[in-house]
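First up is the structure itself, then whatever we jot down about it.
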Amino acid sequence: MPDDNFDELQTLLRLKRYEQPPPEYFQSFLHEFHRRQRAELLRQPLWRIAWERTVAFFAEQTASRYAYSAAVAAVLLCAGITSMNFLKPNDRDLQPPSIAAAQSARLDLDNRPRAHLPDYFKEFSSRKTASVASLHPRYVMDTRPVSYEPSSSF
Amino acid sequence: MTTEAAASNAVPNEDNALIARTQAGDPSAFDVLVTKYSPRLYGLVYNMTSNHEDTNDLLQDIFAKAYRAINGFRGKSSFYTWIHSIGVNMTINFLKKRGRRYTLSLDDVDANIQNDKEFIELTSNSTSNPVREADLGELQQRLNEAMMRLSNEHRAVVTMFDIQGMPHAEISKILGVSEGTVRSRLFYAHRQLQNFLEEFRKK
Amino acid sequence: MSRRRVFSVVPALRIALASVAFLFWQNARAADEDALSQKVRAVFDHSKNAIVKIEAADEHGALSGTGFFVDPNGTLYTCYSVGGESHDIVVCNGEAKYPATRLASDPRSGIAILKVETQKNSPFLTLGKSRELGIASMVITIGYPMDLPITPNFGVIGGFDMKYGDRFFATAHIRANVPVQRGEGGAPLLNMRGEAVGILVSSLEGGVGCFALPIEAAEKVRQDFMRFGEARPGWLGIQFGKTEHEQNGSVVCVEDFVDEAPALKAGMEKGDVLLQVGNTKIKSPDDVLAAAFYLTAGDQVPITVLRGGETLTLNVQPADVAPRPTALLPNLDGIPLKVRR
Numbered sequence: 358m359p360d361d362n363f364d365e366l367q368t369l370l371r372l373k374r375y376e377q378p379p380p381e382y383f384q385s386f387l388h389e390f391h392r393r394q395r396a397e398l399l400r401q402p403l404w405r406i407a408w409e410r411t412v413a414f415f416a417e418q419t420a421s422r423y424a425y426s427a428a429v430a431a432v433l434l435c436a437g438i439t440s441m442n443f444l445k446p447n448d449r450d451l452q453p454p455s456i457a458a459a460q461s462a463r464l465d466l467d468n469r470p471r472a473h474l475p476d477y478f479k480e481f482s483s484r485k486t487a488s489v490a491s492l493h494p495r496y497v498m499d500t501r502p503v504s505y506e507p508s509s510s511f
Numbered sequence: 320m321t322t323e324a325a326a327s328n329a330v331p332n333e334d335n336a337l338i339a340r341t342q343a344g345d346p347s348a349f350d351v352l353v354t355k356y357s358p359r360l361y362g363l364v365y366n367m368t369s370n371h372e373d374t375n376d377l378l379q380d381i382f383a384k385a386y387r388a389i390n391g392f393r394g395k396s397s398f399y400t401w402i403h404s405i406g407v408n409m410t411i412n413f414l415k416k417r418g419r420r421y422t423l424s425l426d427d428v429d430a431n432i433q434n435d436k437e438f439i440e441l442t443s444n445s446t447s448n449p450v451r452e453a454d455l456g457e458l459q460q461r462l463n464e465a466m467m468r469l470s471n472e473h474r475a476v477v478t479m480f481d482i483q484g485m486p487h488a489e490i491s492k493i494l495g496v497s498e499g500t501v502r503s504r505l506f507y508a509h510r511q512l513q514n515f516l517e518e519f520r521k522k
Numbered sequence: 006m007s008r009r010r011v012f013s014v015v016p017a018l019r020i021a022l023a024s025v026a027f028l029f030w031q032n033a034r035a036a037d038e039d040a041l042s043q044k045v046r047a048v049f050d051h052s053k054n055a056i057v058k059i060e061a062a063d064e065h066g067a068l069s070g071t072g073f074f075v076d077p078n079g080t081l082y083t084c085y086s087v088g089g090e091s092h093d094i095v096v097c098n099g100e101a102k103y104p105a106t107r108l109a110s111d112p113r114s115g116i117a118i119l120k121v122e123t124q125k126n127s128p129f130l131t132l133g134k135s136r137e138l139g140i141a142s143m144v145i146t147i148g149y150p151m152d153l154p155i156t157p158n159f160g161v162i163g164g165f166d167m168k169y170g171d172r173f174f175a176t177a178h179i180r181a182n183v184p185v186q187r188g189e190g191g192a193p194l195l196n197m198r199g200e201a202v203g204i205l206v207s208s209l210e211g212g213v214g215c216f217a218l219p220i221e222a223a224e225k226v227r228q229d230f231m232r233f234g235e236a237r238p239g240w241l242g243i244q245f246g247k248t249e250h251e252q253n254g255s256v257v258c259v260e261d262f263v264d265e266a267p268a269l270k271a272g273m274e275k276g277d278v279l280l281q282v283g284n285t286k287i288k289s290p291d292d293v294l295a296a297a298f299y300l301t302a303g304d305q306v307p308i309t310v311l312r313g314g315e316t317l318t319l320n321v322q323p324a325d326v327a328p329r330p331t332a333l334l335p336n337l338d339g340i341p342l343k344v345r346r
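Protein chains in written order, with our numbering: chain L, 358 to 511; chain A, 320 to 522; chain W, 6 to 346.
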């Protein structure tokens with residue numbers, strides 16, 4: 358008959374709390390987290406990186422607030438005029454070539470060799486670009502295979 | 320109440336302040352959350368996967384996912400519950416894909432265990448049936464194997480309740496099941512583990 | 006004729022003969038190349054109707070890949086990333102589009118099996134034997150890269166691997182030096198007879214080559230799903246190691262057994278040198294792991310071993326559950342807690 362007194366079992370289970378990595382592990386964990394965030398940033402579409410850099414550039418200028426706003430407005434206006442020139446009655450392509458070019462550049466970025474990323478990292482790169490890629494499906498070719506740890510028994 | 324349970328209720332304002340700052344665009348606030356929650360989440364993921372490398376990878380993914388989703392966090396549940404929920408779900412999905420072929424890679428035990436009251440009680444000569452420290456090591460090995468023989472869902476509740484010390488209510492919120500389900504899964508899992516350990520002792 | 010005139014004719018003849026021989030040889034080479042390119046074109050023309058573009062959506066958004074029919078009833082193979090967790094699956098062949106459902110998916114081997122309901126017989130690829138391939142065998146892949154129409158690639162087999170970098174496959178994969186692009190996940194790997202011998206599951210860095218799951222592995226998964234509704238690996242309970250010297254071509258021997266090992270029950274003994282497991286000849290430990298994939302719990306498998314100079318074949322019935330390998334502790338007297346100082 359199985360003994361329903363689980364006291365010793367639960368004590369043993371509680372002692373598993375002490376199975377831990379050394380404290381240095383958690384420090385390097387945070388560094389690794391930052392490194393991955395930076396790597397993920399590089400997967401953003403070119404236009405988004407360019408836009409953020411533009412914004413940051415103007416923000417760093419010592420010119421007055423109004424000059425900053427005016428500069429941003431000027432950039433937007435230029436972008437608007439450029440896109441309008443290309444938005445002729447062509448229903449198929451709803452995006453100006455500048456963004457399309459950025460997208461194809463992004464597609465090439467994605468084809469770069471990736472170093473040592475786990476399989477589920479694919480999830481994040483496609484998530485980030487989902488908003489821009491809404492007109493294009495994700496073209497599937499895994500760069501890392503499904504995998505397991507080696508075993509010496511079977 | 321155990322320390323884990325106390326932590327989940329205590330200082331909710333600190334977490335909320337950190338989240339607000341992250342949402343406002345200060346990534347260093349999220350770093351504090353990572354530092355605060357990575358040890359607990361490590362324990363959760365590690366005891367479910369029994370593999371240090373997998374735990375490391377999963378933990379990175381869990382925080383990455385949380386960071387990307389932080390702007391949508393509305394505070395309906397505590398950050399503690401939220402991130403544990405993400406952690407448990409990602410770990411279970413990972414385990415389903417990993418299947419049976421894997422290697423146990425167990426972390427060394429921290430030296431502080433020797434100051435633990437229960438450890439001292441278990442091994443002290445003053446009790447009627449002390450466990451030798453040598454046998455304790457083997458018991459722990461067998462326990463780890465026994466844990467891996469449980470189903471992923473059963474291992475999750477044992478990890479959260481027995482190892483991490485979370486109350487039934489918190490576990491039911493994290494898993495999205497009733498407290499009754501949590502209790503019955505725990506009972507079944509304890510029985511199973513007990514049986515596996517009995518098999519070992521008979522040898 | 007004077008001697009002088011004879012002499013001048015012979016070298017001229019020699020040159021003429023040499024030129025003619027050279028022209029013949031050039032023609033023959035061109036004919037060879039022509040024959041090869043004709044073969045490749047023939048395989049492409051013959052197979053392309055059975056190879057489809059697959060469009061679907063998963064939690065990350067819309068996706069696009071490749072797949073191929075393997076029977077006239079509309080059964081399709083593709084890779085797991087395309088068909089394993091997606092919904093609203095649509096299969097396209099030229100202008101025609103058909104909805105498809107998922108029959109089975111196996112993340113361990115990296116494939117998914119879909120089905121299209123067809124009124125008429127679907128064109129399908131004949132399956133070949135990946136075992137017939139060797140290094141430098143010529144192969145063709147045909148797929149739908151990006152948003153381009155169906156397109157062929159040609160190359161040679163680079164090798165058969167159990168791992169890539171620090172990650173291990175569930176069974177030996179075919180590594181093909183064929184350039185592949187995104188969107189071709191799930192495309193078939195064809196031999197020069199136009200038979201499907203593999204399924205593209207992942208690319209090498211930079212897309213200069215690819216890994217394909219051998220078609221026999223996909224068929225094993227399909228059989229398991231048809232018979233049991235799930236993948237059913239088999240377990241033998243053998244802990245193996247390397248011998249010092251090669252015996253009958255193998256360096257793998259049985260070191261120990263796990264409790265209740267099916268292999269033990271079938272009469273295997275410690276020290277037996279493994280020569281063949283099922284259809285796979287064993288030369289190295291990798292071969293054993295590759296062969297293990299094809300075991301099915303409950304299906305007897307013949308295993309040939311070398312014992313004391315004699316070759317024996319044992320019929321082993323693999324079991325379902327695999328208790329942990331670490332259950333085999335070398336020192337059962339007591340293991341101290343590994344405490345970090």
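Quick reminder that beta carbons are idealized off the backbone N, C-alpha and C, glycines included. Values in this document were obtained by computation on a predicted structure and should not be read as measured data.
Boundaries of the beta strand (DSSP E) around Lys120(W): Ile116 to Val121.
The C-alpha of Gly214(W) lies about 6 Å from the C-alpha of Ala181(W). Following the DSSP letters along the chain, one finds Val257(W) inside the beta strand (DSSP E) bounded by residues Ser255 to Phe262. Counting the other Cβ atoms within 10 Å of the Cβ of Asn196(W) gives 16 or more, which makes it buried. Taking a Cβ-Cβ threshold of 7 Å, the residues of chain A close to Arg113(W) are Gly418, in chain order. Residues of the same chain with a CB within less than 8 Å of the CB of Lys384(A), apart from the 5 flanking positions on each side, are Ile405 and Met409 in chain order. Here Val364(A) is near Thr374(A), since their CB atoms are less than 8 Å apart. Contact residues of the stretch 136-165 of chain W toward chain L are Pro150, Met151 and Asp152 (C-beta to C-beta distance below 8 Å). In this structure, Ala175(W) places its C-beta atom within 8 Å of the C-beta atom of Phe298(W). For the options Arg187(W), Met273(W) and Val95(W), the alpha carbon positioned closest to that of Pro150(W) is the one of Arg187(W).
Three or more Cβ pairs closer than 8 Å define a contact, and the stretch 108-116 of chain W meets that threshold against the stretch 224-234 of chain W.
For the pair Leu205(W) and Leu218(W), the Cα-to-Cα distance works out to about 7 Å. For Ser69(W), the C-beta contacts it makes with chain L under 9 Å involve His493, Pro494, Arg495, Tyr496 and Val497, in order along the chain.
Listed along chain W are Ser207, Ser208 and Glu210, each with a C-beta nearer than 8 Å to that of Thr500(L). Judged by their CB atoms, Val87(W) and Ala117(W) are nearer to each other than the 8 Å cut-off.
Neighbours of Gln186(W) in chain L, taken as residues at a C-beta separation under 7 Å, are given in chain order as Met498. The C-alpha of Phe159(W) is placed about 12 Å away from the C-alpha of Ala141(W). Taking all protein chains in view, the Cβ of Arg136(W) is surrounded by fewer than 16 other Cβ atoms within 10 Å, so the residue is classified as exposed. The C-beta separation of Ile162(W) from Val144(W) comes to about 6 Å, placing the pair in contact by the 8 Å criterion. Per DSSP, Val185(W) is not a residue of any beta strand (DSSP E), being assigned neither H nor E. For secondary structure counted as the alpha helix (DSSP H) over 4 or more consecutive residues, the stretch 358-434 of chain A holds these complete runs in sequence order: 371-388 and 398-417. For His92(W), there are no C-beta contacts with chain L under 9 Å, since the nearest C-beta of that chain is about 14 Å from it. By the 16-neighbour rule on beta-carbons within 10 angstroms, Arg113(W) is buried. At a C-beta separation below 7 Å, Phe392(A) has no neighbours in chain L, since its nearest C-beta there lies roughly 16 Å away.
Listed as beta-bridge partners of Phe73(W) by DSSP are Ile56(W) and Tyr82(W). Cβ atoms of Gly133(W) and Thr71(W) stay farther apart than 8 Å, at about 18 Å. Assignment of Gly313(W) by DSSP, reduced to helix, strand and coil, places it in the coil class. The beta-carbon of His509(A) is placed less than 8 Å from the nearest beta-carbon of chain L. Chain-ordered, the chain L residues with CB closer than 7 Å to the CB of Glu189(W) read Met498.
Following the DSSP letters along the chain, one finds Ser110(W) inside the beta strand (DSSP E) bounded by residues Ala101 to Asp111. Annotated as proximal: Tyr103(W) and Val96(W), with beta-carbon spacing under 8 Å. Taking C-beta atoms as the reference points, Gln305(W) and Val321(W) count as a pair closer than 8 Å.
For the pair Gln367(L) and Phe506(A), the Cα-to-Cα distance works out to about 12 Å. Rounded to the nearest whole angstrom, the C-alpha separation of Glu472(A) and His178(W) is 32 Å. Annotation for His92(W): the continuous beta strand (DSSP E) segment containing it runs His92 to Asn98.
Residue pairing from DSSP places Thr301(W) in a beta bridge opposite Pro238(W).
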